[in-house]
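Scroll down for the structure; my scribbles are underneath it.
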Amino acid sequence: MAVQHAYEQGYKREDSQYRNGLAGYDAWIEAFQKRNVEVFGNTLHGLYVHDQRMYAAEFMERIAIELQGEDEENQQLSSLAGQAARHYDKVSGCFGAFRNRFPFPKGGDPNDPEQAEAAIQLLTEARAEEGKGVGCLEKMLQILNNQAR
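Take 35 as the starting number for the sequence shown in the numbering used here and just add one per residue.
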């Protein structure tokens, strides 16, 4: 489900104006490029994404520890979960810096050119790491699907 969500267009409906997953990063970056960022939504979303990725990193690290087993598949899953944890930890770090720049609830000035450029760099880095994390999840899913056969 997490892998599917990373690639879905729209929010619950195909015709939605909202984007989620990796496409959500692209829309967010585009808003900063156009200097068309809604202050409160930006700071609130930054807060949520930071927390979500922080917990994703922690969860994947726990999975990595729990799956350290004797069979090859569990070792592969453990390794991939550890890699995913590191990617999500980097995403969380980007959003920690993002939250400092656009603190909740006032949100700073995201449409200021200097602030926008800094945000674009953070979001671009976060998107790249998110993509790598999703790649790890895809590989884990493939292993699990093969086990189920």
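Here a beta-carbon is modelled for each residue, glycine too, at the ideal position from N, C-alpha and C.
Measure the CB-CB distance between residue i and residue j and report whether it falls below 8 angstroms.
i, j, result
"Arg171", "Val83", "Before going further, note that residue 171 is Leu rather than Arg in the sequence given. No, they are not a contact pair."
"Phe132", "Ala153", "yes"
"Leu136", "Gly80", "As written in the sequence, residue 136 is Phe, which differs from the Leu given in the question. Yes, they are a contact pair."
"Ala98", "Phe129", "no"
Using only alpha-carbon positions, find the residue among the options that is nearest to residue i.
i, options, result
"Glu163", "Gly127, Trp62 and Phe138", "Gly127"
"Ser113", "Phe129, Val125 and Arg96", "Arg96"
"Ala91", "Glu100, Asp60, Val125 and Gly75", "Val125"
"Val73", "Lys166, Lys140, Leu111 and Ala150", "Lys140"
"His121", "Gly55, Ser50 and Gly165", "Gly165"
Hey, how far is the Cα of residue i from the Cα of residue j?
i, j, result
"Tyr89", "Asp123", "9 angstroms"
"Phe138", "Gly58", "20 angstroms"
"Leu156", "Gly103", "36 angstroms"
"Tyr52", "Leu78", "15 angstroms"
"Met174", "Val168", "10 angstroms"
"Asn213", "Glu148", "Only positions 35 to 183 of the chain appear in this structure, which leaves residue 213 out of reach."
"Gly116", "Trp62", "28 angstroms"
"Asp60", "Arg87", "17 angstroms"
"Met94", "Thr158", "22 angstroms"
"Ala150", "Asn134", "14 angstroms"
"Glu100", "Asn54", "30 angstroms"
"Ser56", "Gln176", "According to the sequence shown, residue 56 is Leu rather than Ser. Rounded to the nearest angstrom, the two C-alpha atoms are 20 angstroms apart."
Can a CB atom of chain B be found closer than 8 angstroms to the CB of residue i?
i, result
"Asn179", "Given the protein chain composition of this structure (a single chain), no chain B is represented."
Is any heavy atom of the ligand MG found at a distance shorter than 7 angstroms from the C-beta of residue i?
i, result
"Gly55", "Inclusion of the ligand MG in the displayed structure is not the case, the ligand content being empty and no account of it being possible."
Would the segment 66–73 and the segment 136–146 be scored as touching if the rule is three or more Cβ pairs under 8 angstroms?
With three or more CB-CB distances shorter than 8 angstroms, the segment 66–73 counts as touching the segment 136–146.
request  = Check whether the segment 166–181 touches the segment 104–117, taking contact to mean three or more Cβ pairs, one atom from each stretch, closer than 8 angstroms.
outcome  = The segment 166–181 makes contact with the segment 104–117, as at least three CB pairs between them are under 8 angstroms.
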